[in-house]
Structures are given as C-alpha cells and as structure tokens.
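J.: Protein chains in written order, with this note's numbering: chain A, 2 to 279; chain B, 3 to 741.
The beta-carbon is built from N, C-alpha and C at its ideal position, and this holds for glycine as well.
On a predicted model such as this, the values are computed, not experimentally measured, just so you know.
1. Determine the burial state of residue 251 of chain A: buried for a count of at least 16 other Cβ atoms within 10 Å of its Cβ, exposed for fewer.
2. Does the distance from the C-beta atom of residue 99 of chain A to that of residue 106 of chain A stay below 8 Å?
3. Where does the unbroken alpha helix (DSSP H) through residue 43 of chain A begin, and where does it stop?
4. What does DSSP give as the partner residues of residue 43 of chain B in its beta bridges?
5. Below 8 Å CB to CB, which residues in the same chain sit around residue 662 of chain B once its five sequence neighbours on both sides are set aside?
6. Any idea if residue 338 of chain B is buried or exposed, counting beta-carbon neighbours within 10 angstroms, 16 or more meaning buried?
7. Using a Cβ-Cβ cut-off of less than 8 Å, list which residues of the region 192 to 210 of chain A approach chain B; keep chain order.
8. Assign residue 625 of chain B to one of three DSSP states: helix, strand, or coil.
9. Using only CA atoms, which one of B:250, B:601, B:623 lies nearest to residue 566 of chain B?
10. Are the region 117 to 129 of chain B and the region 9 to 26 of chain B in contact at 8 Å, needing three or more beta carbon pairs?
11. Quick check on residue 2 of chain B: does DSSP put it in helix, strand or coil?
12. Going along the region 57 to 70 of chain B in order, which residues come within less than 9 Å of chain D, judged by CB to CB distance?
13. State whether the region 215 to 234 of chain B contacts the region 139 to 154 of chain B, with contact taken as three or more CB pairs (one from each stretch) at a distance under 8 Å.
14. Indicate the three-state DSSP secondary structure (helix, strand or coil) for residue 351 of chain B in the structure shown.
15. Note down the Cα distance separating residue 181 of chain B from residue 270 of chain B, rounded to an integer number of angstroms.
16. Can you tell me whether residue 514 of chain B is buried or exposed, with buried defined as 16 or more other CB within 10 angstroms of its CB?
17. Would you decide whether residue 410 of chain B is buried or exposed? Buried here means 16 or more other CB atoms lie within 10 Å of its CB.
18. Can you name the start and end residues of the beta strand (DSSP E) that residue 382 of chain B belongs to?
19. Measuring CB atoms only, is the region 115 to 130 of chain A touching the region 224 to 233 of chain A, in the sense that at least three cross pairs come out at less than 8 Å?
20. The beta strand (DSSP E) spanning residue 22 of chain B covers which residue range?
21. By a C-beta neighbour count over all protein chains shown, 10 Å radius and 16 as the cutoff for buried, is residue 478 of chain B buried or exposed?
22. Which whole-angstrom value is the C-beta distance of residue 318 of chain B and residue 287 of chain B, which I expect to be below 8 Å?
23. To the nearest angstrom, report how far apart residue 242 of chain B and residue 670 of chain B are at their CA atoms.
24. First and last residue of the beta strand (DSSP E) that includes residue 249 of chain A?
25. In three-state terms, what does DSSP make of residue 364 of chain B?
26. What do you get for residue 756 of chain B, buried or exposed, if any count of 16 or more other CB atoms within 10 angstroms of its CB means buried?
27. Would you kindly check if the distance between the Cβ of residue 249 of chain B and the Cβ of residue 321 of chain B is under 8 Å?
28. Spell out the partners DSSP gives residue 82 of chain B in its beta bridges.
29. Please list, in chain order, the chain A residues whose beta carbon lies closer than 9 Å to that of residue 579 of chain B.
30. Using the Cα positions of residue 11 of chain A and residue 43 of chain A, report the straight-line distance between them to the nearest angstrom.
31. Closest by CA to residue 261 of chain B, which one among B:307, B:188, B:438, B:342?
32. Please classify residue 212 of chain B as buried or exposed, where buried requires at least 16 neighbouring CB atoms within 10 angstroms.
33. Do residue 750 of chain B and residue 678 of chain B have their C-beta atoms closer together than 8 Å?
34. Please name the residue or residues paired with residue 541 of chain B in a DSSP beta bridge.
35. Give the straight-line distance between the Cα atoms of residue 238 of chain A and residue 261 of chain A, rounded to the nearest whole angstrom.
36. Quick check: residue 141 of chain A and residue 153 of chain A, are their CB atoms within less than 8 Å of each other?
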C-alpha cells in the first residue's frame, strides 16, 4: 500500500468575482483536515493582505495560521504558480464566475486551473454560497482500476481524519468496454449464483481498492449504479447528501474525453475533488 | 531425519512449457486471483498459493475437505472452515524484512508445475544497502500422503554476509490450542463443525555444512512462530523445510497425536522422500488422465490446468465429502456442492479415476436421508437433493441475495431448482455404465436411482392433455424462475424415471434377492417401477415435431426476443442493465439449458433435432454462467461447427486463466474446468457412450490441431485415444474405434 503524499498547502483561489468566495468555506476546513497551511491567493486589483481579508469578510478564525497574498497576472497562471511553489498542495476554486460553459459548468479561469494545476483541485459549485462545510460523507466513484485507487488514495486520509463515511460507487454501463488494466475488477459481465457472486465481488473490489487506498473498512460502503456514469454520480450525490465527490480524471477534456468529469463538475450538488489518474 | 540434505530444493522444476503456468509479473491487485490459480490440493486439504511473506492483498487460506462451520450473520449458512495458515515466512536483515517492494525486487517468478503439482518460486531481492538475496522455494500438498503439506525454501546471500532472522509463522484463529514442544501443534474445532482439526508443523533449518540450527518457539497473538537467527556466509545456501501433517477427528480419535506422530515420521524420512513420493503419485495420475493437443500450446496448458485442479480436488478415500464449486482453492460459494460436481466434474473422474468418482457418488448416497427429508418437507416422496449441499446434505442455499445496490431478494433456487436430483441420477448411471461396478450399483447406486425416480413420480402433475407436467421450477437457465415444464427438467426427470424402472428390472432379473431386500427396505410397491415407466412415457417435454424444437419452458416462445449484442460492450451484467423483470420477460438464457440436454443425452435425439435446437438457442444464450461456454464448445464440435466450438473452448479456458468472469479471486471454477475437459474429450474427441457398445469416437478437430491425445478408463481397461485430422482415430487399450 502506498502512503499518500502529505498535503502541505490548501490554496483558495479568490479573484474579484462575486462567486469566488464560495471556495473559502471549503478551503478552511479542508486545510484543517489536511493539517495544512491555508493560502488565499488573491488576484485582481492589487491590495494589501489586510484589505483583501477585510473585503472578503475573513475573520481571525478563518484566517488562523493562514496566509493571504496578492498575485499579479491572470488568475489561473497565478494560482498554478502558487501550487507549484507550495507543492504538494490542493487548490480550491469556485466552479465559475459569470456565465459557465454549457458542457462543464466551469468558467474559463476554473477550467484553466483544473487543466493545468500540478495538484488535485476542488471545484466548488457557486450555488452552495458561503454555507459552512463539514465533511461527513464522501462519494468516491470508482471504475475498478488500481491506478484510479492509487490516484484517489488521498481521499482515504481525508475521510479518516473527518471520521466521514465513504460511499464507493461503481457505475456499470452499456457501450463501455471493461478496463483492460491488470488487476481491474469491473462488475462481472455475468453472474453465476448471485447469492454468492455479488457479496464476493463487493468484498474483492473493496479489498483491491483498500490495497491502494487505506480506507477504514467500517466506514466504507460499495454501491452499484448503472447508466450514464456522470448522471449516476450526480444523482447519487444528491440523493445521499454527500459533502464531497472525489473523482479520478485522465486530465483530458477534449471532445472524446472527460465526459464524466464534465457532467459531475457541472451538476454536482457539492464540491468535487479532482485527482489526475495516470 | 537425515543428518545432511543437499542444499538444493528437493525437486527440479519442470521446464516444458506445456506443463507450466508462469507468473512473472507482480500486480498487487491480482494476488487473490493468483492465489486461486496456483492453489495446491489433494482432495483432503487445499491451500491457496499465497506469497510466504505476504503482501497488502494476500489472503492465505487452507481448507480441509468436509469441515464446515456455522457462520454468524442473518443470511449465513454453513461454510467451509479455514484451517491454520502455515505458509508464512518472514526473513529480515538488520530488522528490515524481505518484501515484494518493487524497489527491492530484482527478479520474481512463480511457476505452477502441473506435471509435479508443485508451486515454485524464484525471487532475487536487493535491499537499500545493495545486499542481494536469492530465494527459491517449492510448496505442495502431497498426493501420495494426503495428510501432508510441504514447503521447502532455499536462501542464498549472493554478495554479503550478515545476520538473518527467519520466522516461520503459523497463523490461527482465536481459540486455537497450541501445543508445547516440537513439532508445533495447533488444534481447533471450528464453531458448529463438531470436527476437531489439528495441524502439526515440523520445521528444520539446514546449514551449508550439514546439520540443522535449533529454533525458538513462541506463542504470538496470531498463532505460533518458530524463529532462527543465522549468521549467513556469502554465497552459501541455507534451506528451510516445513512439513505439516493434518488430521481431523473424522479420521483420528486424537487428531493432535495423529498429526504430531505423522509430521515427525515424515520429517524423519526427509522432505526429499516426501517430494519424490508426491511426484510419483502425480505421474501415475497423469498417466491415467492426461489430455494434450499437439499444435496448440495454449489448449494443452488449459486442459492440463483443468486436470490438475480436478485431480487436486478429489479424494478417493473419503466417501463422505464431495467437491465444492470452487474446489479447495477459495472461499467463494462457501465450499458448497452443486450440480457442477455430478454433471460437469464427474465425467472426468468416471472416465479417468473411477475410484474417485465412486467416492463422490457415495457422498450422495450418504446424504440420501437429507434429500428424502427435503422432498418430504416440500410435500414429495423420494429424494430431492439440496441445490447447495455441505457436510450433511441439508439445503444450505443462502436464503437471500444482497445486491450491491442494496436490494435484497429471496433466493428461490433452493426451493425450485429440482433438476439436481436428476443430475445425480444421471451421474450414477454413467458411472455404472463406465465401470460395471456391481457392488456400487447394489449398495448405493440403486437406492439413489429408486429414490430419485420416486421423487419425480411424486413431483409430476397429470394434465388434462393426458401428459405429465412439472410446474414451478427453475431450470439451468436461472434467468427464468417459477416456470412450468422446463424442457431440461422434464426430459431429465423422464430419463430418471426410465432409469429407475430399468434399475428395478435389472436388479430383479440379475440379483433378485438383493432387489427383494432393497425393495422391502425402500418400501417399493410392486407396481411402482411400472408407474415410473408409464409416467416417463407420458411426460410432457415441450418438443414440437414440426420444428424439431424443444420449447425451453411453457410460454418461452412468446417472450421478447432481445438482441444481447445491442448491450455490448458493457461493464455490468445484463441482470443489472436490463433489470430482472425485463430479463424474465425475454428469451435471453443464462446458460445451456436445452443445449445441455443435447450434450447429456446426445443419442436420444436425431441429428436434425440437435442441430435445430443448437441453432435456435445458442444465439439467445448470454453464458451468464461459467458452466455454459464449455458445453456449447462440446455440442458445437459434435455438430461439426468446429470454429464456433473452438471460440467457446477458448472462452471456457479463460474463465480462470484470464479471469474473464471477474471472480477467480474466490477460487477456480471446478465446473468450468470439468466442462473444458468434456469439450476436449466429448466435443473435439467425439466421445459418445452407447448403451450396449461402450465408447465410440468421432473426432472433430480444429484445423490447426495436429493431434488430440487423451487417456480414459473403461470397465477396468486403460484406453488411449489418439486423434489426428484426416486419419481414423487410433484407440489403444481395447476399446473399439468407430469412424
């Protein structure tokens, strides 16, 4: 089992857009869970840290142990540079400022950060506003590949520290070929004696997941969905009031790739933590 | 024990690629699969092929046949109990363990040696300081002495000297009694089993100059540990031999004493002698059961893999156990016995190792009372065998299925899947045909045939059409439940009734006194066998002489035709994607059903009927059971559709070897392995058993197969069949060849 890298910094990206502050209620508790430094990276009109804090309405409790800094230049470039300098980091961003793109629900800045950040990114839907955020329930969509388990293993650390339950969701679908990766364990194409096969598959899949991703077995539940994965994930997140969706992503967002990511970041009812999968 | 042993391993690995399965890569996530595929067994005890030092996903397990425990839980049923985990070894240099950490792994190879039934391991490990250690090992479950498991490991420091600590750990469940002294003994009675299971472990560490190094023995929370601290010389080789003896209270009054005495005795003779005896026993078994294809390495290996696991699962000396669906290679299916044994595995044993087949059928004889009780509970006479059976023969099908989406459904197979009683009768009759074992027929076979015929006679219902019907069953196609007049069930019931009547007539004619005794003991009324024959003659079978088709069950032809190709590719089973209601309302089949009939009762149907039914049902079959592809391979081959047969043959072989059903982690699929053997021998080899003329062969070989060779046993004779394309089949050993 690999030990997940310790996150040292949680970067909240704040420009002058009205939606940007929605990152803060997520970034602060996330930094606490990570035992990391909260770094608020402000872009837009230059201002001293105190002025930025005041403008954002940041109290001492929110800022405790944290850093407020202003960076010049385009927001995405500034945030990505900050992430590279403080690696390993996690970036927290609002999904969009202004009109979102129809396919992803992301604004141009959020999309640029997601695509270029050298670290995991949390995308926060603006609709949740500045409501306090607590991590009690994590949704972990899982395509049954060891590399995905490896990529998202940090989610196990978060869940354990938050004493959160983890819903592992496998979505079966037509039109998708089973992954060919060694050790992948998609739902069986066929089920011999279901009274034996389903419990065995659940146990085996969770064992394989836990071999890469140290999840507390008592807090993990596996569920099986079917249909379009993006829709199934969002539906599950809504129905079960999940606080965070943890998603592995290939890093590609062209027409042929990223279908699930697009649907999830566009429609998710909660923040989405995106990890790159090899 | 000898004073000096050569510090090489006590055998040499087979190099011939037709006899070995090699795993050179190491992917943690596949460990459970590898453990299943590389499991070792001898029918008495089975042990998974786990890494000795373990990995994040290792699941070492050892099972003793027939030892079932009562598992806790609301949906629990009896399940195969785990024994102690005896393969664990820990070696550490300066406190750092040798592990499969990829940074320290130079070379690594695991080889399942099918010919010798030995699991080999070759490993070179280099630690952070650059110290390279070569580790070679073997492991086996002795076929010569079924109470013995053996592990031998050599360790060579290639480029360093230093102090190495070796720990041989024996892990056991809470409540295990650990004996003092050597050999180490561990004994436990799994909850609800009523069977005491004892392991005795005799371990020796041999030094390069001769002699052994004494060990410390400790109790540790996980069980017991034997520990050595040895100063290694550069380039020298050290060998650890671990001999484990296993006994239960089923065969020994004091299993601890028996295991201790046995381990001591075998250790005294030495590991080399134990290995040699084991290899010799396997050579004899291969001589009786090998099947090989010249010109197709993959096919040969797949067939030998099948034979290896089947032989590893059977114990001809114990007629109170049978073979579970996953043999003794994993926990899936809880060690339960299904129709897989009689229909898919038994033909292999009947035709290569009749003594093992006999023991397996005797298990059904010894569980007749439970089958009678089940029939009575459901309101029938005779014997209705459990759909899932364990140690007592009582029904142990889990009452509910818990789906991953949270749904909970009742499992109806235990109440409705009645064809198993015909399947057992079928296996009994085929054994009798192949062996002419009169003692078996008189003592056990006839009671089974009588009681199963009697069951069907009580199970049928007369209809207004003057025919007999069987309503509310599940056939092999388990997508459709509660159906009426399932063709497989009805025809097999008909066949069983005929054999019941034939058995009564045979016994009355040839052994009248024995028949009189048996008829009295079983309360067979004078006209009962005639009633069986009369019911059989009037059984509704769903056969339409106009089309030549059997209707799989009443109403089947009116169901929705769903093109399953429209759902490919997919990452979930059709049950999930279509939903159970749509599936039940469709013509999609889970597995060979009518096609299974063709396979089992080939000569009962004319050629055009066989072809028509295969053509109709094959495209509608989803092969949602591991049992299905091999039977389709066999039938397609006998119909002369060799390319289709070969495609199904590959698919059947890949069930375990490529884990193409995604469930090999819980053990290999014994039924599929038996089916693969049948696909080769009955399908491509074209074996048909004619009632009055014995075996005949009409081979249909794939074009690139140069030759198919296999050995069979027929009424005490060894028959060697040698089939080549375009030439008459050569049958040695006395059976007549028929082109």
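T.: So, to answer that:
1. For this step, residue 251 of chain A is matched to residue 250 along the first chain. Residue 251 of chain A counts as exposed, since fewer than 16 other C-beta atoms from the protein chains shown sit within 10 angstroms of its C-beta.
2. One-based indexing of the first chain puts residue 99 of chain A at position 98. One-based indexing of the first chain puts residue 106 of chain A at position 105. Taking 8 Å as the Cβ cut-off, residue 99 of chain A and residue 106 of chain A do not qualify as a contacting pair.
3. Translated into positions along the first chain, residue 43 of chain A becomes position 42. No alpha helix (DSSP H) contains residue 43 of chain A, which is instead part of the beta strand (DSSP E) from 38 to 43.
4. Counting from one through the second chain, the residue named residue 43 of chain B turns up at place 41. According to DSSP, residue 43 of chain B shares a beta bridge with B:48.
5. By one-based count along the second chain, residue 662 of chain B stands at place 660. Only residues of its own chain outside the window of five on either side were considered, and among them 653, 656 have a CB closer than 8 Å to the CB of residue 662 of chain B, listed in chain order.
6. Numbered from its first residue, the second chain carries residue 338 of chain B at position 336. Residue 338 of chain B is buried by the Cβ-count criterion.
7. Of all residues in the region 192 to 210 of chain A, only 192, 193, 194, 195, 196, 197, 198, 199, 200, 201, 202, 203, 205, 208, 209 place a beta-carbon less than 8 Å from a beta-carbon of chain B.
8. As a working mapping, residue 625 of chain B is identified with position 623 in the second chain. Residue state, collapsed to three classes: coil.
9. Numbered from 1 along the second chain, position 564 holds the residue referred to as residue 566 of chain B. Closest option to residue 566 of chain B, Cα to Cα, is B:623.
10. Counting Cβ pairs under 8 Å, three or more are found: they touch.
11. A question about residue 2 of chain B goes unanswered here, because the residues of chain B that appear run from 3 up to 741.
12. The chain inventory of the structure shown lacks chain D, comprising the protein chains A and B.
13. Judged by Cβ distances under 8 Å, the region 215 to 234 of chain B makes no contact with the region 139 to 154 of chain B, as fewer than three pairs qualify.
14. Within the second chain, the letter at position 349 stands for residue 351 of chain B. Helix, per DSSP.
15. Counted from its first residue, the second chain places residue 181 of chain B at position 179. Counted from its first residue, the second chain places residue 270 of chain B at position 268. Spanning the two alpha carbons is a distance of roughly 20 Å.
16. Residue mapping note: residue 514 of chain B aligns to position 512 of the second chain, counting from 1. Classification of residue 514 of chain B: exposed, given that the 10 Å Cβ count is below 16.
17. Numbered from its first residue, the second chain carries residue 410 of chain B at position 408. Flag for residue 410 of chain B reads exposed.
18. Locating residue 382 of chain B in the second chain gives position 380, where the first residue counts as 1. Where residue 382 of chain B is concerned, there is no enclosing beta strand (DSSP E), given that its DSSP letter is neither H nor E.
19. The answer is no - the region 224 to 233 of chain A does not touch the region 115 to 130 of chain A, with fewer than three Cβ pairs under 8 Å.
20. Reading the second chain from its first residue, position 20 is the one you call residue 22 of chain B. Note, residue 22 of chain B: beta strand (DSSP E), 22 to 25.
21. Here residue 478 of chain B corresponds to residue number 476 of the second chain, with the count starting at 1. Buried, because 16 or more other Cβ atoms sit within 10 Å of the Cβ of residue 478 of chain B.
22. Translated into the one-based positions of the second chain, residue 318 of chain B becomes position 316. Translated into the one-based positions of the second chain, residue 287 of chain B becomes position 285. Between residue 318 of chain B and residue 287 of chain B, the beta carbon gap of about 11 Å keeps them out of contact (Cβ cut-off 8 Å).
23. One-based indexing of the second chain puts residue 242 of chain B at position 240. One-based indexing of the second chain puts residue 670 of chain B at position 668. So the alpha carbons of these two residues sit roughly 30 Å apart.
24. For the purposes of this step, residue 249 of chain A is taken as the residue at position 248 of the first chain. That run of the beta strand (DSSP E) goes 245 to 250.
25. Here residue 364 of chain B refers to the residue found at position 362 of the second chain. Residue state, collapsed to three classes: helix.
26. Since the displayed chain B opens at 3 and closes at 741, residue 756 of chain B lies outside it and no answer follows.
27. In the second chain, counting from the first residue as 1, residue 321 of chain B sits at position 319. In the second chain, counting from the first residue as 1, residue 249 of chain B sits at position 247. In this structure, residue 321 of chain B sits away from residue 249 of chain B, with a CB-CB distance that is not shorter than 8 Å.
28. Here residue 82 of chain B refers to the residue found at position 80 of the second chain. Its beta-bridge partners are B:70.
29. Looking up residue 579 of chain B in the second chain gives position 577. Counting only Cβ-Cβ distances below 9 Å, residue 579 of chain B has contacts in chain A at 173, 174, 175, 227, 228, in chain order.
30. If you number the first chain from 1, residue 11 of chain A lands on position 10. If you number the first chain from 1, residue 43 of chain A lands on position 42. Linking residue 11 of chain A to residue 43 of chain A through their CA atoms gives a straight-line distance of about 14 Å.
31. On the second chain, residue 261 of chain B is found 259 positions in, with the first residue counted as 1. Per the C-alpha coordinates, the member of B:307, B:188, B:438, B:342 positioned closest to residue 261 of chain B is B:188.
32. Stepping through the second chain from its first residue, residue 212 of chain B is reached at position 210. Looking at its Cβ environment, which holds fewer than 16 other Cβ atoms inside 10 Å, residue 212 of chain B is exposed.
33. Examination of residue 750 of chain B is not possible in this model, given that chain B is present from 3 through 741 alone.
34. Counting from one through the second chain, the residue named residue 541 of chain B turns up at place 539. In the DSSP output, where bridge partners are listed per residue, residue 541 of chain B has B:470.
35. Locating residue 238 of chain A in the first chain gives position 237, counting from the first residue. Locating residue 261 of chain A in the first chain gives position 260, counting from the first residue. Cα to Cα, residue 238 of chain A sits roughly 14 Å from residue 261 of chain A.
36. Indexing the first chain from 1 puts residue 141 of chain A at position 140. Indexing the first chain from 1 puts residue 153 of chain A at position 152. Yes. Within cutoff.
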